[in-house]
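Okay, so the sequence shown: first residue is 1 according to this note's numbering, each after it adds one.
Have a look at the structure below, then the notes.
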Amino acid sequence: MAEQDKHGVLPTPKFEDPVKLLIVVAPFYRAIADDLVRGAKAEIEAAGGSCEVVEVPGALEIPTAIAMADRQCNFDGYVALGCVIRGETTHYETVCNDSSRAIQLLGLQGLCIGNGILTVENDAQAEVRANPEKMNKGGGAAAAALHLIALRRKWGASKKGVGFKPPSESILVAGDSNGSTTA
1 MAEQDKHGVL
11 PTPKFEDPVK
21 LLIVVAPFYR
31 AIADDLVRGA
41 KAEIEAAGGS
51 CEVVEVPGAL
61 EIPTAIAMAD
71 RQCNFDGYVA
81 LGCVIRGETT
91 HYETVCNDSS
101 RAIQLLGLQG
111 LCIGNGILTV
121 ENDAQAEVRA
131 NPEKMNKGGG
141 AAAAALHLIA
151 LRRKWGASKK
161 GVGFKPPSES
171 ILVAGDSNGS
181 TTA
């Protein structure tokens, strides 16, 4: 049995209305990043969607860029792409853990994000995972975002928020003792 046959893969979702995603990529390892983006774009196009691509300096900046885009733009979902290869210091753990945690927190706030930030031991592992003809982790991240978008559309707009993000009308301003709220 082939390795890919061991894993359950959901069919690409179909959308009645157009879907637009933002791919946020850290191109520190350019060839790896390019392969990840190529796989993600192909997956989005297979679902009939469109996308924009923006680059940020590193994996730690990916969640910040997604949060900024969510506040200022109108994307249905996001694809986080990059690569962190283990080095000689503990910086690897910091970048892997903090970028992943921040993306997860954004997801718990209701954003539809596919996390395709590779965390690997060496270049060879990264190349296999990024290559669209091999493991295609960029395509997998795009598929994850598309499936979350499909769920959001299926269930409709949330009225009570997702995760622990408070509704905007109940955010208290620091130092405000009279209980008034701000939007």
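Just so you know, even glycine gets a beta-carbon here, dropped at the ideal spot from N, CA and C.
- Looking at the DSSP output, Val25 sits in a beta bridge with Glu55 and Leu81.
- Pairing Arg101 with Tyr92 gives a Cβ-Cβ distance that is not under 8 Å.
- In the three-state reduction of the DSSP assignment, Asn131 falls in the coil class.
- Comparing C-alpha distances from Gly116 to each of Asn122, Pro13, Ser50 and Ile23 shows the shortest one belongs to Ile23.
- The beta carbons of Cys83 and Phe28 sit closer together than 8 Å.
- Annotated three-state conformation of Asn97 is helix, per DSSP.
- Remark: three or more beta-carbon pairs, one from each stretch, lie closer than 8 Å, so the stretch 141-156 and the stretch 106-121 are flagged as touching.
- Sixteen is the threshold: since fewer than 16 other Cβ atoms of the shown chains lie within 10 Å of the Cβ of Leu10, the residue is exposed.
- Bridge partners of Ile113 according to DSSP: Tyr78.
- Pairing Ser99 with Ile62 gives a Cβ-Cβ distance under 8 Å.
- Scanning its chain for C-beta atoms nearer than 7 Å, with the 5 sequence neighbours on each side dropped, one finds around Gly107 the residues Ile113, in chain order.
- Bounds of the alpha helix (DSSP H) holding Leu36 are Arg30 to Ala46.
- Here Gly48 has Lys14, Phe15, Pro18 and Val19 as same chain residues with Cβ atoms under 8 Å from its own Cβ, once five neighbours each way along the sequence are excluded.
- For Thr12, no alpha helix (DSSP H) segment is defined, and its DSSP state is neither H nor E.
- Just measuring C-alpha positions, the residue of Asp35, Ile103 and Thr94 sitting nearest Met68 is Ile103.
- If the five residues before and after Val25 are omitted, its C-beta is found closer than 7 Å to the C-beta atoms of Ala33, Leu36, Val37, Val53, Glu55, Leu81 and Gly82, all from its own chain and listed in chain order.
- Closest in alpha carbon position to Glu127, among Gly8, Thr12, Ala31 and Lys6, is Ala31.
- Under the three-state reduction of DSSP, Thr64 is assigned to helix.
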